[in-house]
Amino acid sequence: MDIPYTVEVRRDTGLTNGKIGIWLFLASEVMLFGALFASYILIRVGAPSWPRGDTILDVPLATFNTIVLIGSSVTMVMAWASLMRRRFGTFRLYMGSTILLGLVFLVVKYFEYSHHLELGEYPRTNNFLAVYYTLTGLHMLHVFGGMVVNAYFWGPGAKLWKTNPVWFTQRVEHSGLFWHFVDLVWIFLFPTLYLL
Amino acid sequence: MSQPPGVVAPGPHVAHEVHHEELGFWRKYVFSTDHKVIGIQYAITGMLFLFFGFSLMMLMRWQLAYPETALPLFAFLGEARMPGGTMLPEFYNELGAMHGTIMVFLGVVPLAVGGFGNFVLPLQIGAPDMAFPKLNMVSYWCLFLGGITMLGSFFVPGGAAQSGWTSYSPVASIAGTGQTWWLIGMIFLITSSLLGAVNFITTTIQIRAKGLTFMRFPFFVWAQFVTAFLLLLAFPPLEAAGVMQLMDRVAGTSFFLPSGLVVSGQVLDVAGGGNPLLWQHLFWFLAHPEVYVLILPAMGIVAEVIANNTRKPLWGYRSMVYSLIFLGFMSFIVWAHHMFMTGMGTAMAAFFQTTTMIISIPSVVILTALIISLWGGSIRFNTPMLFALAFLPMFGIGGLTGLPLAFNIADIPLHDTYYVIAHFHYVVAPGTIFALFAGIYYWYPKATGRKMNETLGKIHCFGSLVCMNIVFMPMFIVGMAGVSRRLFDGGATYDFADPVLQWNVVSSWGAWALGLFQIPFIFNFFWSIRNGEKTVENPWQATTIEWAAPSPPPHGNFVHAPQAYRGPYEYSVPGASKDFVPQYEA
Chain C
1198 MDIPYTVEVR RDTGLTNGKI GIWLFLASEV MLFGALFASY ILIRVGAPSW PRGDTILDVP
1258 LATFNTIVLI GSSVTMVMAW ASLMRRRFGT FRLYMGSTIL LGLVFLVVKY FEYSHHLELG
1318 EYPRTNNFLA VYYTLTGLHM LHVFGGMVVN AYFWGPGAKL WKTNPVWFTQ RVEHSGLFWH
1378 FVDLVWIFLF PTLYLL
Chain W
199 MSQPPGVVAP GPHVAHEVHH EELGFWRKYV FSTDHKVIGI QYAITGMLFL FFGFSLMMLM
259 RWQLAYPETA LPLFAFLGEA RMPGGTMLPE FYNELGAMHG TIMVFLGVVP LAVGGFGNFV
319 LPLQIGAPDM AFPKLNMVSY WCLFLGGITM LGSFFVPGGA AQSGWTSYSP VASIAGTGQT
379 WWLIGMIFLI TSSLLGAVNF ITTTIQIRAK GLTFMRFPFF VWAQFVTAFL LLLAFPPLEA
439 AGVMQLMDRV AGTSFFLPSG LVVSGQVLDV AGGGNPLLWQ HLFWFLAHPE VYVLILPAMG
499 IVAEVIANNT RKPLWGYRSM VYSLIFLGFM SFIVWAHHMF MTGMGTAMAA FFQTTTMIIS
559 IPSVVILTAL IISLWGGSIR FNTPMLFALA FLPMFGIGGL TGLPLAFNIA DIPLHDTYYV
619 IAHFHYVVAP GTIFALFAGI YYWYPKATGR KMNETLGKIH CFGSLVCMNI VFMPMFIVGM
679 AGVSRRLFDG GATYDFADPV LQWNVVSSWG AWALGLFQIP FIFNFFWSIR NGEKTVENPW
739 QATTIEWAAP SPPPHGNFVH APQAYRGPYE YSVPGASKDF VPQYEA
């Protein structure tokens, strides 16, 4: 059965179902990370002393990761824009780069984690590290989730392009909204954890 | 009843040709994407868990009425729980924590939101299905996994969670394995609710029928719509808290563990520096809106049933809707009234007691509007209406007894006593659950094509009403005498509790009798599927759009795409040929 307004826009709301759905989902994500950031503030304010992020964490590495993630957001937009221009080949290229950049982010994060673990800096060591591992860990899960969805649209999901290009473009746009959100969370995480 | 074939037009603009491919058993009844099947799955799951959660309580009531008296029949539960039939305190705590968790997250919410929301809401807005049918299926199965995890936790070493449904840290952070299972179960349940909320909001905004503007929504739709926002925005903070407590327990972090915490005479070997109150804040940031998640759908159901059976429009529909929206908004800024005893300071307490006072106003507006709606109506006293009428005073008692708790000063002696238990149970048990029963009797003909038996329904209704009051009214007395709700012997060890202890016995017998009065309902529910009185599309002569669909509605719901021509409750319109003018008739 076909659900109305999956592809075509409902005239009085000006939106498709998917667009509303993804924004609602992002609203709940804001509440999730908002609660975590609020917890971080409360724990930090109550702590007798709190290390500066750059005394423990590797700022240049994180800066590199920030650039990687911002770059992946740009390629994500380009992937969507290619579909709007009906260039499926360029879409594949840009979408592939987005996924690869996500992978680079995760690999860098892996080295960062293992470095800290080697130094004996575990989540249980102190609350700064607890916050660091929890927030970045949850963020990494989101990056990974976004990569899975993007990989689906790069690979098997791309079949939809042949039958319903408008719908496919919309789905890529929604996945892009999520990807930008994940990027944005990192933009907040980076200064909060590494610089402050 | 045979399902009429025919073209089902899903949208007002586009008339798609729908090809009915025959689905196999698994796709049709188990992994279904049809909102009606999912709604019924939710409802049945919710009812089973309600009964299970109630059974836990019936067992606890034995211990409260007759502390440390053996109940040899239950010796089979094992040495770790009831050796020789005498309940251990640890097992009592397990039952208490799981009763709360199951009733709230696996009983009432799945039935009220998942069940009624899924089954009724798309029909009431004239939709062929939910906006995201596959997501809908996923949210049911997340709930299912959450339920299995919670049930499974009874069998892990040390038993299920024992730290209350609120799972306060640090107790919960250092409790046994059951707590970890509880957290994992909660993450499944939260995921389920989030996906459901996204789906409900999108469906309501997008898939409503042509002509169905927001102010033409039945009140039930409004109630579900606001509820979905509460679920969407209030649950993630608990998810965050759950992740942090999981980290505390699994990775040894100290989010909620303060420095120098002493457990069994030994300083706990953790980094410390955490904040136990943080858990309470995050928990109640969810759990207060959750209270409204429990009550708003109930109000929605009651409004439908009352409008239908008084044969009158709802009195003050618009003010009811605005109250609902205001309630939804306010419910996010009252949470710390659960925490007056935490030493939060007078400024904070003053803020939260003020917002709490304010939030009672829209609740009173809605309740008053429902009561005034009765005035001058020619009321039909059928089973759904009796339950809806019972809801009004019961919710009224629950709401009014909440006012003393909202005041910082009055809360201090009443906090954590049986008074609190009586207060919120009046809201949820004879309140919400009665409304849910009303909804079951009311929409049963739509789901099955048959009515439930009226005589059995009336026995169920009057029996439950009397028993509910026998259970909960004495708790006000016990609570005002100062007996704490946490005692596993119901206060028997304290001299001051002596004069009120006999009320514990009364409550217990009330609870067991209440259990007996559910038997007519359970029998009626199954018996009527095959033997109930056959009905037509619109057996209650109602006005809302769900009654335009065949009973039971086929896949895709409506034979012709419905359209809304007027408001939801056009009953007894002067000059009309019959005493109701359906929303869907031109």
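Line by line, the protein sequences are chains C and W. Remember, the numbering used here sits 1197 above the position in the first sequence when you count from 1. Remember, the numbering used here sits 198 above the position in the second sequence when you count from 1. Where a beta carbon is used, it is the ideal one built from N, C-alpha and C, also for glycine. Since this is a predicted model, take the numbers as computed values, not measurements.
message = Helix, strand or coil for Leu565 (chain W)? Go by DSSP, reduced to three states.
response = Three-state DSSP puts Leu565 (chain W) in a helix.
ask   = Taking only beta-carbon atoms, is Glu768 (chain W) less than 8 Å away from chain C?
value = With 8 Å as the cut-off, Glu768 (chain W) does not count as an interface residue toward chain C.
key: Closer than 8 Å to chain C by CB, Ile399 (chain W)   = Nearest CB-CB separation between Ile399 (chain W) and chain C: below the 8 Å threshold.
query = Within 8 Å (strictly less), CB to CB, does Phe1378 (chain C) reach chain W?
reply = no
inquiry  = So with CB distances below 8 Å, who are the chain C contacts of Met335 (chain W)?
reply    = Those do not exist, as Met335 (chain W) stays about 14 Å from chain C at its closest Cβ, beyond 8 Å.
message = Let me confirm a value: Phe724 (chain W) is counted as buried when at least 16 other C-beta atoms fall within 10 Å, else exposed. Which label applies?
response = exposed
task = Could you tell me whether the Cβ of Gly1317 (chain C) comes closer than 8 Å to any Cβ of chain W?
result = no
request  = Mind listing the chain W neighbours of Phe1222 (chain C)? Cutoff is C-beta to C-beta under 9 Å, in chain order.
outcome  = Per Cβ cutoff of 9 Å: Leu392, Leu393, Val396 and Leu430.
task = Please list the residues of the stretch 645-663 of chain W that have a C-beta atom closer than 8 Å to any C-beta atom in chain C, keeping them in chain order.
result = Here the close residues number zero.
ask   = Given 8 Å as the limit, is there contact between the stretch 488-500 of chain W and the stretch 308-324 of chain W, that is, 3 or more CB pairs closer than that?
value = yes
ask   = Within 8 Å (strictly less), CB to CB, does Gly440 (chain W) reach chain C?
value = no
query = Can Gln377 (chain W) and Arg1207 (chain C) be called in contact, C-beta distance under 8 Å?
reply = no
request  = Using a Cβ-Cβ cut-off of 8 Å, state whether Val235 (chain W) counts as contacting chain C.
outcome  = no
task = Can you give me, in chain order, the residues of the stretch 449-464 of chain W that have a beta carbon less than 7 Å from any beta carbon in chain C?
result = Ala449, Gly450, Thr451, Ser452 and Phe453
ask   = Where does Thr284 (chain W) fall in DSSP's three states?
value = coil
query = Which residues of chain C have a Cβ atom closer than 8 Å to the Cβ of Ile405 (chain W), listed in chain order?
reply = Those are Ile1200, Pro1201, Tyr1202 and Asn1214, listed as they occur along chain C.
task = Run down chain W in chain order and give the residues with a C-beta less than 9 Å from the C-beta of Arg1289 (chain C).
result = Per Cβ cutoff of 9 Å: no residues; Arg1289 (chain C) is ~26 Å from chain W at best.
ask   = Taking the continuous alpha helix (DSSP H) assigned at Lys1356 (chain C), which residues delimit it?
value = No residue range can be given for Lys1356 (chain C), since it is assigned to no alpha helix (DSSP H) and is classified by DSSP as neither H nor E.
ask   = Which partner residues does Gln464 (chain W) have in the DSSP bridge list?
value = W:Val461
task = Using alpha carbons as the reference points, say which of W:Ile499, W:Thr540, W:Ala679 and W:Trp477 lies closest to Asp693 (chain W).
result = W:Ala679
key: Cβ-based contacts, 9 Å cut-off: residues of the stretch 309-337 of chain W near chain C   = Those would be Ala325, Pro326, Asp327, Met328, Ala329, Phe330, Pro331 and Leu333, in chain order.
query = So, are the CB atoms of Met1273 (chain C) and Thr1366 (chain C) less than 8 Å apart?
reply = no
Cβ-based neighbour list, Tyr1291 (chain C), same chain, cut-off 7 Å, excluding 5 preceding and 5 following = Thr1272, Met1275, Ala1276 and Ser1279
inquiry  = Can you list, in chain order, the residues of its chain with a C-beta nearer than 6 Å to that of Ala358 (chain W)? Leave out the 5 residues immediately preceding and following it.
reply    = Glu292, Met296, Ser351, Phe352 and Gly376
query = For the stretch 1230-1248 of chain C, which residues have a CB atom closer than 7 Å to at least one CB atom of chain W, in sequence order?
reply = Residues of the stretch 1230-1248 of chain C with a C-beta atom less than 7 Å from some C-beta of chain W are Ala1232, Leu1233, Ser1236, Leu1239, Ile1240, Gly1243 and Ala1244, listed in chain order.
message = Under DSSP, the alpha helix (DSSP H) around Ala432 (chain W) begins and ends at which residues?
response = Residue range Phe417 to Val448 is occupied by the alpha helix (DSSP H) that includes Ala432 (chain W).
Three-state secondary structure assigned by DSSP to Ala1327 (chain C) = Note: Ala1327 (chain C) maps to helix in three-state DSSP.
query = Ser682 (chain W) to Ala690 (chain W), Cα distance in whole Å?
reply = When rounded, the distance between both Cα atoms is 11 Å.
task = Work out the CA separation of Ser576 (chain W) and Val318 (chain W) for me, nearest whole Å.
result = Spanning the alpha carbons of Val318 (chain W) and Ser576 (chain W) requires a straight line of approximately 26 Å.
task = Output yes if chain C places a C-beta closer than 8 Å to the C-beta of Gly158 (chain W); else output no.
result = What the structure shows of chain W is the stretch from 199 to 784, and residue 158 (chain W) is not part of that stretch, so it cannot be assessed.
ask   = Using a Cβ-Cβ distance under 8 Å, would Glu437 (chain W) count as near chain C?
value = yes
inquiry  = Comparing C-alpha positions only, which one of W:Thr742, W:Leu343, W:Pro281 and W:Val503 sits nearest to Pro270 (chain W)?
reply    = W:Pro281
query = Considering only the beta carbon of each residue, do Leu512 (chain W) and Phe417 (chain W) sit closer than 8 Å?
reply = yes
ask   = Which of helix, strand or coil does DSSP assign to Tyr640 (chain W)?
value = Residue state, collapsed to three classes: helix.
request  = Taking C-beta pairs closer than 8 Å, name the residues in chain W that Arg1368 (chain C) reaches, listed in chain order.
outcome  = The contacting residues do not exist; Arg1368 (chain C) stays about 12 Å from chain W at best.
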